[in-house]
């Protein structure tokens, strides 16, 4: 599994991008564990990635 932490992103379309608009959902880091209460956030890979990212952020002093 690869986890990418991307920061300072902004919406922009490029030629050849998906014809269907992808939803953008902002979620504050302080509430990241609340994702576990969302009905559409139940896949094991996503849940394990959430815990890995939380630990990484703690080690970085960002949580």
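Numbering (my numbering), first residue to last: 1 to 63. From the three backbone atoms N, C-alpha and C, an ideal C-beta is built for every residue, glycine too.
CA nearest to the CA of residue 1, picked from 53, 59 and 61: Position 1 of the chain shown, counting from 1, holds the residue named residue 1. Per the Cα distances, 53.
At the level of alpha carbons, what is the spacing between residue 35 and residue 41? Locating residue 35 in the chain shown gives position 35, where the first residue counts as 1. Locating residue 41 in the chain shown gives position 41, where the first residue counts as 1. Between residue 35 and residue 41, the C-alpha separation is close to 6 Å.
Residue 57 - containing alpha helix (DSSP H), residue span: Numbered from its first residue, the chain shown carries residue 57 at position 57. 44-59 is the span of the alpha helix (DSSP H), which, as asked, contains residue 57.
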